[in-house]
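Structure first, then comments.
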Amino acid sequence: MNPHKKLKKTTIKNQQNPEWEILKWDTDFFGFTVAKIIPNKLNLNSLKKILTSLRKSRVSLVYWASDSTDEASQKAAETLNGFLADRKVIYIINLKKIPVKHLQLNIKVEEHNKNLPNTELKNLAIQAGLYSRYNVDQKISKKKFEALYKIWITNSLNKTIADAVLVTKKKGKIVGMITLGKKNNRGDIGLIAVSPNARGMGLGTSLVKSAQSWFISHKYKFGQVITQEANTAACRLYEKCGYRLEKKENFYHFWL
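Under the numbering used here, the first residue of the sequence shown carries the number -2, and numbering increases by one thereafter.
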């Protein structure tokens, strides 16, 4: 998901070839050229060749979503000093197989229809990204990481990158939120977070169940969510709510 569509376009020409492409939004946001490698499997020589080409094109940061099961790719990334920023986990669920009784809630969850986030939502968005590669990679500043997730929640509320934002409240204040959209023709969970002082009350489960109900009402057959393997609490939550593992990706950053 690209949370950043509303910023101005970069002046750099979007170079493309079968092996890599310049990421226009990321380049604008970070202030240096960012690219991604397209193939998810590469041997050492192939990866070295691509990185050399990117370096010649004055790229500073390269993303690579690699096949975690391919040993040659993992060895190549390690040899060429790739930083393993994220072990990405993709979960999927067949929404038609969820029993109706499993979607019943004891906690109120409602759609949030305002276009701009308040302080509570901004803080929750940052909480949602604590395990993300943008926070894990120490070469990306905390200021940039937080700005990124504030843009993400803003563009979710104004429906640039999401179709709905659901929230739950405690004493009138938002203490949990989840963003919903579409990816690969599946109902997709983008961000989810619960305030630290409201955890252990079942709010996360209620948010996920509400998301599933929303997807079902909008005629989706399948749902998905992408998270980080290191975020064990999130993984347990999704598995508890019926999601099963579809695949894993090792996401590397190369600083050139």
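Even for Gly, the Cβ is constructed at its ideal location relative to N, Cα and C. Quantities reported herein were computed from a predicted structural model and do not represent experimental measurements.
- Every beta strand (DSSP E) stretch that sits fully inside the region 92 to 177 and reaches 3 residues is listed by chain position as 161 to 167.
- With respect to the 9 Å criterion, N37 and E243 are not classified as neighbours on the basis of their beta carbons.
- Rounded to whole angstroms, V86 and T224 show a C-alpha spacing of 5 Å.
- Distance from the CA atom of H109 to the CA atom of I19, rounded to whole angstroms, is 35 Å.
- By the C-beta density criterion, T66 is exposed, having fewer than 16 other C-beta atoms within 10 angstroms.
- In the DSSP annotation of this structure, the continuous segment of the alpha helix (DSSP H) that includes L204 starts and ends at 200 to 214.
- Inter-segment contact for the region 230 to 240 and the region 88 to 101 is present: three or more beta-carbon pairs are separated by less than 8 Å.
- Inclusion of S203 and N103 in the CB contact set at 9 Å is warranted, their separation being smaller than that value.
- In this structure, the straight-line span from the alpha carbon of D83 to that of Y128 is close to 8 Å.
- Spatial neighbours of K45 in its own chain (CB-CB distance under 7 Å, excluding positions within 5 residues in sequence) are listed in chain order as L77.
- The residue among K33, N42, I123, H99 with its C-alpha nearest the C-alpha of M174 is I123.
- For L177, the number of other beta carbons within 10 angstroms of its own is at least 16, and it is reported as buried.
- Between S192 and L113, the C-beta spacing is not below 9 Å.
- Annotation: K33 to E16 spans about 9 Å, alpha carbon to alpha carbon.
- Cα atoms of Y60 and K147: separation of roughly 21 Å, rounded to the nearest angstrom.
- Looking only at T116, A230, E226, A125, the smallest Cα-Cα distance to I186 is reached by A125.
- When the Cα atoms are used, G169 and G201 turn out to be separated by approximately 18 Å.
- Linking A144 to A195 through their CA atoms gives a straight-line distance of about 24 Å.
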